[in-house]
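According to our numbering, the sequence shown holds residues 2 to 284 in order. Read through the structure below, which is laid out as structure tokens, and then see the notes.
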Amino acid sequence: MVEPGWSDGEEKGARTVLQGTGIELRFFRMDAKRHPERAKAMGLEARAVIESFKPGAVVVSDDIAARHVLRPFFQDAELPFVFCGVNWDATKYGLPYVNATGMLEVSFARQMLDTLRHYARGTRVAYLTVDSETERTEAAAYKEQLGVEFAVEKYVTTASAWKAAFVELQGQVDILFLGNYIGTSDAWNEADMAAFVVSNSKIISGSIHDFMSPYAMVNFAKVPEEHGIWAAKTALAVLGGARPSSIEITRNTQSKIVLNPKLAARAGIVLTRDLLRNSLVTR
């Protein structure tokens, strides 16, 4: 059970592990982030697919799948589950179960913000992101678990609202933390948005997603393949006889830094050689 976007990397990681094993794979994409009103119905459909396919183990990705598939239909069932991409805390779904273990998805926001502060004129931080359950969960985790303080939080539903907020925040804060844009209700034109950001950036900006590198100067990105690799290896262990309850829930640890020095330079910000040396650079 996967969500598009981030889960493309999870799927890629899983396939690298399972290739050549003889394991039969079947994917079901809920696509409920873009259509949250369909989440419950898609959960029911996912249950039907699982019961029809009769797998030896199931991997579920993201909070939506944990909430609408794993918890209501398979908690403490005989069928073993491995989850990945559940944000920060699995106890909100009653996990762990006797039949489920997994990898939590945590971000490197603290490291990213510590880096941005070296280039900022002050300490005020704004968070600009799409208005979604996941992004609000992320913001709460930044504040509660990492101690991050936001002077302003902007949750938008359209690309035009994102543009307006982006411009507004340039004069309100010193650091701009960009969340996700996936889920905006209108079309997001990457070339248009990248050109807009270049023309309107005045302060240092950062993100925790590599796909945000056209719009953010410093990106401390999670590695989705890490989740897929771990989930696939764990599923193989379960198929080999390991009990899910004997496998401890873990967290992702891998990150990559992706920089956009050209965008930074347009805002009069020069990234240090040390940072450039240890990072990927967008062209």
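Quick reminder that beta carbons are idealized off the backbone N, C-alpha and C, glycines included.
Where residue i sits in the DSSP three-state scheme
| i | result |
| --- | --- |
| T273 | coil |
| K93 | helix |
| M104 | strand |
| T251 | strand |
| R122 | coil |
| G44 | helix |
| Y156 | strand |
| E4 | Unreliable positioning characterises E4 in this predicted model, as indicated by a pLDDT of 42, which lies under 50. The coordinate reading is nonetheless provided below. Three-state DSSP puts E4 in coil, outside helix and strand. |
| R16 | helix |
| A266 | helix |
| Y216 | coil |
| L26 | coil |
| V282 | strand |
| V59 | strand |
| Q173 | coil |
Span of the beta strand (DSSP E) around residue i
| i | result |
| --- | --- |
| N220 | 219-223 |
| G86 | 82-88 |
| L179 | 176-179 |
| V259 | 256-260 |
Cβ-Cβ separation, residue j to residue i (assumed contact under 8 Å), whole Å
| i | j | result |
| --- | --- | --- |
| V70 | N253 | Wrong, their Cβ atoms sit about 21 Å apart, outside the cutoff. |
| L80 | L129 | The pair is not a contact, with the Cβ atoms about 41 Å apart (cut-off 8 Å). |
| A127 | F109 | So it is not a contact: roughly 19 Å between Cβ atoms. |
| W89 | A142 | 4 Å |
| V131 | G184 | 4 Å |
| E226 | K13 | 6 Å |
| R125 | G95 | That pair is no contact at about 38 Å. |
| Y216 | A195 | 6 Å |
| F74 | N100 | The Cβ separation is near 12 Å, so there is no contact. |
| V50 | A236 | Not really, about 17 Å apart at Cβ, beyond 8 Å. |
From the options, residue whose alpha carbon lies closest to that of residue i
| i | options | result |
| --- | --- | --- |
| S333 | F29, Q76, E169, L177 | Residue coverage of the chain in this structure runs from 2 to 284, which leaves residue 333 outside it and unanswerable. |
| A1 | K203, I65, N190, F74 | Nothing can be reported for residue 1, as the shown portion of the chain is limited to 2 through 284. |
| L105 | R125, L177, S62 | S62 |
| I1 | S256, D187, W231 | Absent from the model: residue 1. The displayed extent of the chain is 2 to 284, so no value can be given. |
| A15 | M218, I250, K234 | K234 |
| A121 | W7, S186, Q173, L237 | Q173 |
| K263 | D90, L19, V199 | V199 |
| F221 | V259, T17, G148, D275 | V259 |
| V289 | R118, Y156, A40 | The structure shown has nothing for residue 289, since the chain only spans 2 to 284. |
| A91 | R111, A66, M113 | A66 |
| A78 | D211, P97, C85, K93 | P97 |
| E154 | F167, S161, Q146, V87 | F167 |
| L147 | Q112, V157, T158 | Q112 |
| S8 | E139, F84, I176 | F84 |
| P56 | T159, M43, E25 | E25 |
| Q20 | D211, G103, T135, G229 | G229 |
| N201 | A268, E145, L177 | A268 |
The alpha helix (DSSP H) enclosing residue i, as first and last residue numbers
| i | result |
| --- | --- |
| S206 | Taken as a continuous stretch (DSSP letters only), S206 belongs to no alpha helix (DSSP H), being part of the beta strand (DSSP E) at 205-208. |
| I65 | 63-66 |
| V198 | 191-201 |
| L114 | 110-117 |
| R72 | 72-75 |
According to DSSP, residues forming a beta bridge with residue i
| i | result |
| --- | --- |
| T185 | Note: T185 sits in no beta bridge, so no partner. |
| V131 | V157 |
| Y143 | Its beta-bridge partners do not exist; DSSP assigns none. |
Interface flag, residue i vs chain D, CB-CB below 8 Å
| i | result |
| --- | --- |
| S202 | Any reference to chain D falls outside this structure, which holds one protein chain only. |
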